[in-house]
Amino acid sequence: MKPTSDDSDAGQGWSVYKRLLTYSAAYWPAFLVSFVGFAIYGATQFLAGKWLESVIDAVKEGALDQRLWLALAVLVIYAGRGIGSFLGNYSINYVARFVIHHLRTQLFDRMLLLPADYYHHHTSGEMLAQLTFNIEQVTVAATDSVKVFLREGLTVVALLGYLFYTNWKLTLIFIAVAPLLGVVISVASKRMRKLGHRIQKSVGDITSAASESIKGYQVVRVYGGTEFERDRFHKASDLNRRQYMKLVVAESINTPVVQFLVAMALATLMYIAMSPAVMGSMTTGEFVAFITVAGMITKPLRMLTEINATMQKGLAAANAVFTTMDQTAEQDHGSLAPTQVSGELCFSDVTYQYPEASVASLQHFSLQLHKGQTVALVGRSGSGKSTVAGLIPRFNDGWQGEILLDGQPLQDYSLAALRQQIAIVSQHVVLFNGTIAENIAYGAQANATLAEIESAARAAHVMEFAERLPDGLQTQVGESGVLLSGGQRQRIAIARAILKDAPILILDEATSALDTESERHIQAALNTVMQNRTTLVIAHRLSTIENADLIVVMDQGHIVEQGTHDALINRKQHYASLYNMQRNEESDG
Ligand SMILES: Nc1ncnc2c1ncn2[C@@H]1O[C@H](COP(=O)(O)OP(=O)(O)O)[C@@H](O)[C@H]1O
Ligand SMILES: [Mg+2]
1 MKPTSDDSDA GQGWSVYKRL LTYSAAYWPA FLVSFVGFAI YGATQFLAGK WLESVIDAVK
61 EGALDQRLWL ALAVLVIYAG RGIGSFLGNY SINYVARFVI HHLRTQLFDR MLLLPADYYH
121 HHTSGEMLAQ LTFNIEQVTV AATDSVKVFL REGLTVVALL GYLFYTNWKL TLIFIAVAPL
181 LGVVISVASK RMRKLGHRIQ KSVGDITSAA SESIKGYQVV RVYGGTEFER DRFHKASDLN
241 RRQYMKLVVA ESINTPVVQF LVAMALATLM YIAMSPAVMG SMTTGEFVAF ITVAGMITKP
301 LRMLTEINAT MQKGLAAANA VFTTMDQTAE QDHGSLAPTQ VSGELCFSDV TYQYPEASVA
361 SLQHFSLQLH KGQTVALVGR SGSGKSTVAG LIPRFNDGWQ GEILLDGQPL QDYSLAALRQ
421 QIAIVSQHVV LFNGTIAENI AYGAQANATL AEIESAARAA HVMEFAERLP DGLQTQVGES
481 GVLLSGGQRQ RIAIARAILK DAPILILDEA TSALDTESER HIQAALNTVM QNRTTLVIAH
541 RLSTIENADL IVVMDQGHIV EQGTHDALIN RKQHYASLYN MQRNEESDG
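If you use full-length UniProt numbering, the sequence shown corresponds to residues 1 to 589, in order.
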């Protein structure tokens, strides 16, 4: 589940690189144009060397009549350079921006399909950091670095070409340093990739720390967490700073070392080139141009070593992105897709253990929910009620035993079709930034008519407060519905479920945020909604489920008792004692 360690990551540069390249494969014509553009750019460097040689020879020989074409050549060289760099630059960005777009959307698409378990083990901060920071790192690597790599790389090739063309023996001396350069660059690359990976992790920590204290600002203030949160954030930020500094050290050592190796080659070259035997075989123009061009190579080489850091950071980021993209999506191999199920649910001997949990949260659980019935789950918190609810839409997947819907195993339905049959209202209401109406008619319900939305809103007692708002149902609820009370938000969630009108309804403490008065009203509405559909209701207040067809009492993942309200009261055991306890509490309060 955890991201790969940075050690194993360091060895994966090449495979990540190849995988990134496959993304650009579809854009090979643009890539080719870019290559040609930068090749033209590089060729102008070759020509510049040749031009210098001709100027010196012309001056030396007093061939001043050559000045017209030499002057025109300057214009040609610069025009070529301009056109080449435009073509190269435009095309490489064209490719890179598509690659980034595909990468980002594929990452997000995968996140939409990841199992519930993934979300339990990764913070939203981490996931957001991947979509923003990591993708940005890949972007810079894929645009700027690739551009510099092509342009300067081809320049080096052109300049080397000139050197070979002028004096290949001398050039071989110059080339001899290449293997050494290779070793230095590869060691540095590994180190940079490792640091790049750590930097991303620290950015994830920063976003997590920030988003948690922003979301929980009230708890932070009231429980004196300001100091703790500040400390946590400062630490994360400082860790980030330190990793960056290490990267700076790696970069700053790398470049001069490479430069010095090149200087050594250059010095050797000079020394040998100026020996009388060699000098005699070259014209002055050739000689001066050769030395000048050899010197000119140092600049593109420096740029190449400098962008290596960006490149390695990008590769490390791409690796993390690919790791997320390779997470297995929810298992969805079923093909049954009925438009409407009748809602007959049967659990037989179901045992479920959360991944990474040490004990099963549900053990040998058997229960039959007949079509149209209302079954209530009650029991202490932690007894496994929500776990049961999470099995039906297959959020909690991978159970032992069998769960049948209309006589067919749940796994035989396609996930989308299965979930289409289910409406859920849970304790944690999720509202999206938008209007009340948009929140009620969310997702597949988005094309509901205003009349339908209104009638759902009325049934869930949303109209009661919506009517008093200036914009009615068109009032913006604010991010996560912060502008509404808990009870109001829960009513919107209930309206959403009513509008969906699905054969299976799951209410997991759906009315817990309501006061007794509102709960009684909504209960009446829910009772109407529950008719003709299979309902699993988990309730804290037992008074709300007295009329259920079946009441199931759970404890520590087991069913300890079941029956109707009257039967269970007569048994005078678990349910009866829970019930009497609540009655006493209510009359005391
Ligand atoms: N995502 C999870 N990973 C591991 N254990 C979990 C997870 N969710 C719940 N549990 C454990 O499963 C047990 C049952 O939880 P739950 O079904 O939520 O109880 P209830 O809804 O009855 O209060 C608890 O012991 C809880 O700690
Ligand atoms: Mg629960």
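Cβ coordinates follow ideal geometry from the N, Cα and C atoms, glycine included.
Of the candidates K371, A416, F395 and D349, the residue whose Cα lies closest to the Cα of E402 is D349.
For E509, the shortest separation between its Cβ and any heavy atom of ligand 2 lies below 8 Å.
DSSP places Q368 in the strand class (E or B) of the three-state scheme. For ligand 1, no non-hydrogen atom lies closer than 8 Å to the CB of Y94. Here the alpha carbons of V425 and Y442 stand approximately 13 Å from one another.
Judged by DSSP secondary structure, V157 falls within the alpha helix (DSSP H) whose first and last residues are V146 to T166. Where L405 is concerned, the enclosing beta strand (DSSP E) starts and stops at Q400 to L405.
For A360, the three-state secondary structure derived from DSSP is coil. For L542, the closest C-alpha among the options G196, N584, N532 and L21 is that of N584. If you draw a straight line from the Cα of L160 to the Cα of G84, it is about 19 Å long. The C-alpha of T255 lies about 6 Å from the C-alpha of E306.
Where F465 is concerned, there is no enclosing beta strand (DSSP E), although the alpha helix (DSSP H) around it starts and stops at M463 to A466. Relative to ligand 2, the beta carbon of I538 is positioned inside 8 Å of a heavy atom. D555 has H558 as its beta-bridge partners, per DSSP.
In terms of side-chain proximity, the C-beta atom of K385 is found nearer than 8 Å to a non-hydrogen atom of ligand 2. If you draw a straight line from the Cα of R97 to the Cα of S124, it is about 26 Å long.
Contact check for N532 against A317 fails: the beta carbons are separated by 9 Å or more. Counting only unbroken stretches of 4 or more residues, the alpha helix (DSSP H) elements lying wholly within the segment 107-141 are 116-121, 124-129 and 135-140, in sequence order. Within the same chain, no Cβ atom closer than 6 Å to the Cβ of F287 is found once the five residues on either side in sequence are excluded. The beta carbon of S202 sits closer than 7 Å to those of A236, L239, N240 and Q243, all from its chain and outside the five residues before and after it, given in chain order.
Approximately 7 Å separates the beta-carbon atoms of I551 and T564; this is inside 8 Å, confirming the contact. Each of I206, Q259 and S211 was checked against the Cα of H234, and the nearest Cα belongs to I206. In this structure, L114 places its C-beta atom within 9 Å of the C-beta atom of Q327.
Annotation: the continuous alpha helix (DSSP H) that includes D57 extends over W28 to E61. Leaving aside the five residues that flank W51 on each side, the residues in its chain whose CB is nearer than 8 Å to its CB run, in chain order, L70, A73, V74 and I77.
In this structure, the alpha-carbon of I422 lies about 28 Å from that of Q106. The segment 333-351 makes no contact with the segment 149-160; the number of CB pairs closer than 8 Å stays below 3.
With respect to the 9 Å criterion, I40 and V156 are not classified as neighbours on the basis of their beta carbons. Between ligand 1 and Y442, a heavy atom-to-CB distance of less than 8 Å is absent. Shortest Cα-Cα distance from A116 to any of Y354, L170 and T132 involves Y354.
Its Cα nearest to that of L181, the residue A263 stands out among A263, E519, E546 and T475. Below 8 Å, enough C-beta pairs join the segment 129-149 and the segment 192-201 to call them touching: three or more.
The beta carbon of Q427 sits closer than 8 Å to at least one heavy atom of ligand 2. Here Q353 carries a coil assignment [DSSP, helix/strand/coil]. Where L505 is concerned, there is no enclosing alpha helix (DSSP H), although the beta strand (DSSP E) around it starts and stops at I504 to D508.
Distance from the C-beta of S381 to the nearest heavy atom of ligand 2 is below 8 Å.
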